[in-house]
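Reviewing the structure listed below.
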Amino acid sequence: MMQAFRKKHPFIDVKFFRAGNDKLLNRILTETGAGKFNGDVILISSFEVRVLLQKKLLQKYLSPESSHYPEGFTDKEGYWTSVYSIPRVVAYNTKLVHADAAPKSYEDLLQPKWKNSFCMSDSAVLWYTGFLKFSGEEKGRDYMKKLSAQKPLFRDSESIITQLLAAGEFPLGLTYSHQVGTMKCKGAPVDWIRTAQPIVTGLKPITLSAKATHPNARKLFIDFIISKEGKELIRSFNRISARVDVASELRAGPSYIRRSHAGATITSNMSRSSDRSFLSKPNRTCRFSGFL
Amino acid sequence: MMLGSFRQSGPLPLIVFAICLGIFGFAAPIWSADDLAAGAKKEGELNLYLSTDLSDAKA
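Chains A and B, in that order, give the protein sequences.
Take the first sequence: its position 284, counting from 1, is numbered 284 in my numbering, and each next residue is one higher.
Take the second sequence: its position 10, counting from 1, is numbered 10 in my numbering, and each next residue is one higher.
Okay, here's the thing in structure tokens:
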């Protein structure tokens, strides 16, 4: 991606700092507090974007490319556009669990045989909230209490969960579909369950820093990332684009999105438009964007 | 009548108008891709803060 941008604009020296969402947010806030923050463009998850918006650290930019995104994937006021979507799915180790014996739904996870067998991130706040939005507050909380009684294991990131799942540390895990797909492509014994609903999907927005010191270069970069060319590159590393003119597993057509509860979007009839087997067959997803 | 007003208030409004035109003319947003590229060339640098390793994405 960086190479493609540099090739297109060789006169721009692109420097970047990369860290996980939490660390990146802390760094931005710390540097801002010290008056040393010099970031032009920020790519971070929706929860952190909400924090940055509250602290007035972002500025608007209505890219001409953002018109190619459906409602909910780009901010009407111009503060952000989602570069890709991140579905959280129930995955399993295929050596430890045969496909036929794998749970088919979230309800199946409550069976006694899966006690102490399911691993999830201790910061899966978006998943929790999206699940409750989808199921309804009362039903959702009731499910979470039952899941808690199953004594799930906790790790601090989905990357670690996926790696440990592949290593056979536990048979089931709640993790990102693209990570499972990438590991499966490399031959790891992992797969994910298409029938477990809802698939709560987060956004990865790209935004302009309010402190940006390179007003033209930053806009060029955002235009490139969310352009059709940029989106094809995004797909090349197993991420799902919401852009309407790029084949997407999250989009079956303009009518698929319907607003339900405030902040949540339920999409149904997901179509199969990719050749990536790990993204096949899901028929419903709940994309939660309540923090934006 | 306008000439009369101009005579009464002097050249000050005209000067203020010219200054404003100059300021806002230069500060106007640049929207064309070519202009953005020209501006970016002068800037020569870009600082990104990323929570994703975009270097994985290849053409």
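C-beta: ideal position from N, C-alpha, C; glycine also.
- A direct Cα-Cα distance of roughly 14 Å separates THR175 (chain A) from GLU169 (chain A).
- Taking 8 Å as the cut-off, the beta carbon of LEU14 (chain B) is found no closer than this to the beta carbon of LYS219 (chain A).
- Taking a 10 Å sphere around the C-beta of GLU158 (chain A), we find 16 or more other C-beta atoms and assign the residue as buried.
- With respect to LEU109 (chain A), PHE118 (chain A) sits close: the two C-beta atoms are nearer than 8 Å.
- Taking 7 Å as the upper bound on Cβ-Cβ separation, chain B lies near residues ILE28, ASN38, GLY39, ASP40, VAL41, ILE42, LEU43, ILE44, SER45 of the stretch 28-60 of chain A.
- LEU126 (chain A) is outside the set of residues whose beta carbon lies under 8 Å from a beta carbon in chain B.
- Pairwise C-beta distances place the stretch 208-224 of chain A out of contact with the stretch 145-158 of chain A, as fewer than three of them are shorter than 8 Å.
- Annotated as distal: PHE221 (chain A) and LEU50 (chain B), with beta-carbon spacing of 8 Å or more.
- If only complete runs of 3 or more residues are kept, the stretch 109-161 of chain A shows the beta strand (DSSP E) at 118-121, 153-155, in order along the chain.
- Those residues of the stretch 38-50 of chain B placed with their C-beta closer than 9 Å to a C-beta in chain A are ALA38, GLY39, ALA40, LYS41, LYS42, GLU43, GLY44, GLU45, LEU46, ASN47, LEU48, TYR49, LEU50, ordered along the chain.
- Around the CB of GLU48 (chain A), 16 or more other CB atoms lie within 10 Å, so the residue is classed as buried.
- Burial state of GLN54 (chain A) is exposed, judged by a 10 Å Cβ sphere holding fewer than 16 other Cβ atoms.
- LEU43 (chain A) carries a strand assignment under DSSP once its states are collapsed to helix, strand and coil.
- The distance from the Cβ of TYR143 (chain A) to that of TYR106 (chain A) is about 7 Å, consistent with a contact at the 8 Å cut-off.
- According to DSSP, residue pairing for GLN59 (chain A) in a beta bridge involves A:LEU208.
- Assignment of PHE221 (chain A) by DSSP, reduced to helix, strand and coil, places it in the helix class.
- With at least 16 other beta carbons inside 10 angstroms of its own, HIS178 (chain A) counts as buried.
- Think of a sphere of 8 Å around the beta carbon of ASP13 (chain A): the chain B residues whose beta carbon falls inside it are GLY44, GLU45, LEU46, in chain order.
- When the beta-carbon positions are compared, LEU233 (chain A) and MET2 (chain A) stay at least 8 Å from each other.
- For THR52 (chain B), the three-state secondary structure derived from DSSP is coil.
- Counting along the chain, no beta strand (DSSP E) covers ASN38 (chain A), and no H or E run does either.
- Listed in chain order, the positions of the stretch 197-208 of chain A with a beta carbon within less than 7 Å of a beta carbon of chain B are LYS204.
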